[in-house]
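Asker:
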Amino acid sequence: MLTPEELAIIAETMQPHLDELNMWISQDMIRRFMARMGRGEKELLSGTDQWQAQVYKEAGGLYEDLQKELHNFTGKSEDEIKAIFEDAGIRAWNADDIFYVAQGFESVPLLSSERMLNILTDCYQRTNNEVYNFTRTTANETQRRFIKLLDSTHMKVMSGAQSYTAAVKEAVSELASTQTEVIYPSGHKDTIETAVLRAVRTGVAQASGNMTLQGMEERDWDLIRVSAHLGARYGDGGENPGNHYWWQGKLYSRTGRDKRYPDFISSTGYGSGEGLCGWNCRHSYGPGDPDHNPYKEYDAEENKKAYDISQKQRKIERTIRADKLKAKGLREAIDCAEDKTLKKELSEDYEKASARLSMHNAEYNHFCESNGLKRYDDRLSIAKWNRSEAMKA
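Residue numbers (this note's numbering): 424 to 816.
1) Kindly indicate which residue of K735, G461, S777 has the alpha-carbon position closest to the one of G654.
2) Can you tell me the Cα-Cα spacing of T561 and L441, whole angstroms?
3) Round the Cβ separation of A511 and V627 to the nearest angstrom and send it over; I've been treating them as touching at under 8 Å.
4) Output the distance between the C-alpha atoms of L636 and R737, rounded to the nearest integer angstrom.
5) Taking 8 Å as the threshold, find out whether the segment 787–797 comes into contact with the segment 744–762 through three or more Cβ pairs.
6) Whole angstroms is fine: what's the gap from S676's alpha carbon to T426's?
7) So is E616 buried or exposed if we call it buried at 16+ other beta carbons inside 10 Å?
8) Looking only at DSSP bridge pairs, what is P710 linked to?
9) Answer yes if the segment 531–543 comes into contact with the segment 563–583, meaning at least three C-beta pairs across the two stretches below 8 Å, and no otherwise.
10) Given 8 Å as the limit, is there contact between the segment 600–610 and the segment 472–485, that is, 3 or more CB pairs closer than that?
11) Assuming T588 and L765 form a contact by the criterion Cβ under 8 Å, report the distance between their Cβ atoms to the nearest whole angstrom.
12) Mapping DSSP to helix, strand and coil, what is Y718?
13) On the premise that L769 lies in contact with M446, defined as a C-beta separation below 8 Å, what is that separation, rounded to the nearest angstrom?
14) Please classify Q629 as buried or exposed, where buried requires at least 16 neighbouring CB atoms within 10 angstroms.
15) If we count the other Cβ atoms within 10 Å of its Cβ and call it buried at 16 or more, is M437 buried or exposed?
16) What does the Cβ neighbour count give for A590, buried or exposed, with the cut at 16 atoms within 10 Å?
17) Tell me whether S781 sits in a helix, a strand or coil according to DSSP, three-state version.
18) Below 7 Å CB to CB, which residues in the same chain sit around M539 once its five sequence neighbours on both sides are set aside?
19) From the DSSP output, in three-state form, read off K579 for me.
20) Is it buried or exposed for Y693, if we count other Cβ within 10 angstroms and need 16 for buried?
21) Return the CA-CA distance between D502 and V524, expressed in angstroms with no decimal places.
22) Quick one, which of D686, I732, G679, N663 has its alpha-carbon nearest G698's?
23) Going by DSSP, what residues sit across from S676 in a beta bridge?
24) Please work out which residues of its chain come closer than 6 Å, Cβ to Cβ, to R656, disregarding the five sequence neighbours upstream and downstream, and give them in chain order.
25) Using DSSP bridges, identify the partner residues of D606.
26) So, with DSSP's three-state summary, where would you put K652?
27) Return the CA-CA distance between A431 and R462, expressed in angstroms with no decimal places.
28) Which residues in the same chain as D746 place their Cβ atom closer than 8 Å to its Cβ, once the five residues preceding and following it in sequence are excluded?
29) Within 10 Å of its beta-carbon, does K673 have 16 or more other beta-carbons around it, so buried, or fewer, so exposed?
30) When we look at the beta-carbon of E866 and count the other beta-carbons within 10 Å, is it buried (16 or more) or exposed?
31) Could you pull out every residue in the same chain whose Cβ sits closer than 6 Å to the Cβ of Q585, ignoring the five residues on either side in sequence?
32) Can you give me the Cβ contacts of F528 inside the same chain, cut-off strictly under 7 Å, excluding the 5 residues immediately before and after it?
33) Pop quiz: M639 and P685 are said to be a contact at Cβ under 8 Å. What is the actual Cβ separation, rounded to whole angstroms?
34) In terms of residue numbering, what span does the alpha helix (DSSP H) encompassing C759 cover?
35) Starting from Q585, trace the alpha helix (DSSP H) both ways and give me its first and last residue.
Pasting the structure below:
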């Protein structure tokens, strides 16, 4: 069983790799875009066939280099995901094992349990494959977006719909503001950051949960204790799996044989995306007994306030990442621009973007301090320290 605090930061160490990938893709696209569009309006006066040949040549280079960068990212992410799952597996099983020893069962080290290791390995491999599949859609989508933006910018200038400077600035702003996307088989799109972090957090929660169920089955233990934390998701406020505040911190019957307690799966929605151990869920569960409940009950209004504050903190963090991406992208465009007027106007946009970043950083620091929240850098440091400690166990 993992604590809500452990689950909250368990995937934080993936974020720097995702930031690095987003930054590389954004800057490479801008560099290639400016090679075609940044030399002045006269340079665009070529025939349609010649223009298309230039576009597809640049797009081909983008695709090839992006494939190499994604391969590099996949190697880093595979190592990171493996380390995350090892950390989570050690922590989750140690917590359950301590409980069982207190109940009179013999201690079973994780490394001596083939079934537990198989569960952990299976969840790790499925998560790793999911992340790999995300990157497979990224190259095609990025190349498609690049070609579309080059052609639309060229058309705006040639048709007189926009001035050269305005059209190029608009395109650069879009390239610098749009994060890399992945496409699901359903056609739904997510940023690669959202998709990867959700997959890792969900995979870790499922691994922890499956290990707990296996341990309970092996010992014929029926009662399940679900964790609780302040700031739990409250959904529509009803008594249903989407309201995590409603079902957290309680005892449940795994098999249904103890009629004093509600059924585990139907109450918590375990196994569904919206319920326990679902999308980005910070709850976990382990073996429990009526005499020991380490989780306090939280007031509904207090919980709602904490949840809303945590959501605002994450929103500001996303805004700061977007600000950094845009500022770096504009800096790249300035360095590549050969047209003096364009360079001057891009420099003005860069100054505004830098000021916006500074403003949001100040807002973030004040918000965290006012609400007693750990800043992202602090959470990342804690996640790395927790992992090193788990590996010593």
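Where is the CB? At the ideal position from N, CA and C, for every residue including glycine.
Answerer: Short version:
1) K735
2) Cα to Cα, the separation comes out at about 13 Å.
3) That belief holds up - the Cβ atoms of A511 and V627 are roughly 5 Å apart, short of 8 Å.
4) 32 Å
5) Contact check between the segment 787–797 and the segment 744–762: fewer than three CB pairs, one atom from each, fall below 8 Å, which does not count as touching.
6) 20 Å
7) buried
8) I647
9) no
10) no
11) 5 Å
12) coil
13) No, M446 and L769 are not in contact; Cβ-Cβ is about 18 Å, not under 8 Å.
14) The residue in question, Q629, is buried, as its Cβ has 16 or more Cβ neighbours within 10 Å.
15) buried
16) Counting C-beta atoms within 10 angstroms of its own C-beta, A590 has 16 or more neighbours from the protein chains shown and is therefore classed as buried.
17) In the displayed model, S781 falls within a helix according to three-state DSSP.
18) W516, L533, M634, Q637
19) helix
20) buried
21) 33 Å
22) Nearest C-alpha to G698 among D686, I732, G679, N663: N663.
23) L646, D686
24) H667
25) It is worth fixing the name first, because residue 606 is Ile in this sequence and not Asp. Beta-bridge partners assigned by DSSP to I606: K612.
26) First, the residue type needs correcting, since residue 652 is His and not Lys in the sequence shown. Correct three-state label for H652: coil.
27) 47 Å
28) A776, R779, L780, H783
29) buried
30) Only positions 424 to 816 of the chain appear in the structure, and residue 866 is not among them; the question remains open.
31) K579
32) R642
33) Between P685 and M639 the Cβ distance is about 17 Å, and since that is not below 8 Å, they are no contact.
34) 723–759
35) Neither: Q585 is in no alpha helix (DSSP H) and is coded neither H nor E.
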